[in-house]
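The structure appears right after this line, and notes come after that.
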Amino acid sequence: VKKVHKGAKGIPYAVTHDGRTLRYPDPDVKVNDTVRLDIATGKMLDHVKFEPGNVVMMSSGNNIGRVGVIMHRERHPGSFEIVHVKDAVGHTFSTRLQNVFVIGKGNKPWISLPKGNGIKLSIIEDRNAKMSKGR
Numbered sequence: 005v006k007k008v009h010k011g012a013k014g015i016p017y018a019v020t021h022d023g024r025t026l027r028y029p030d031p032d033v034k035v036n037d038t039v040r041l042d043i044a045t046g047k048m049l050d051h052v053k054f055e056p057g058n059v060v061m062m063s064s065g066n067n068i069g070r071v072g073v074i075m076h077r078e079r080h081p082g083s084f085e086i087v088h089v090k091d092a093v094g095h096t097f098s099t100r101l102q103n104v105f106v107i108g109k110g111n112k113p114w115i116s117l118p119k120g121n122g123i124k125l126s127i128i129e130d131r132n133a134k135m136s137k138g139r
């Protein structure tokens, strides 16, 4: 969800990242939350709040494609908000708030994950894996 407002005659609506407008969304839905839609009807089935402990995927930036759990969020008024994420291997990294997309509640993602479950190896780990595969 990119924004939540009230339209004409006080009708609440939410706008998603792909341009869909959802009228009368659940009052608990806030900006940066994720909603599950029924494609056929366009109705909202469920939503996940943007809060620590939920699974996220990086949608842009240097960490694109990485998957992890939100540890905490740093608020910087007038600047970029920073989100700290920990992946399944235990590596911790941080990125801007607009690069993060919530994909599930707790440790259970709502979508199928890419090859390697969104874990990015370091340069040395990647090199060692390629060297051992070549032998």
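Numbering (my numbering), first residue to last: 5 to 139.
The beta-carbon is built from N, C-alpha and C at its ideal position, and this holds for glycine as well.
Being a predicted model, the structure only gives us computed values, none of them experimental.
Under the three-state reduction of DSSP, K7 is assigned to strand. Under DSSP, G72 takes part in a beta bridge, and its partners are V60. Counting only residues of its own chain and dropping the five nearest sequence neighbours on each side, I86 has a CB closer than 8 angstroms to the CB of R77, E78, H80, S98, T99, R100 and L101.
The stretch 121-132 makes no contact with the stretch 41-50: fewer than 3 CB pairs, one atom from each, lie closer than 8 angstroms. An exposed status is given to A133, since fewer than 16 other beta-carbon atoms sit within 10 Å of its beta-carbon. In terms of Cβ geometry, N67 and K124 form a close pair [threshold 8 angstroms]. If you draw a 10 Å sphere on the C-beta of I115, you find fewer than 16 other C-beta atoms in it, and that means exposed.
The three-state reading of DSSP puts I127 in helix, counting H, G and I together.
In this structure V89 is not in contact with I107, their Cβ atoms being roughly 12 angstroms apart against a cut-off of 8 angstroms. Looking at the DSSP output, A18 bridges to V8 and L26.
For I115, no beta strand (DSSP E) segment is defined, and its DSSP state is neither H nor E. Distance between T38 and G69, taken at the CA atoms: about 17 angstroms. The DSSP-derived three-state label of G120 is helix.
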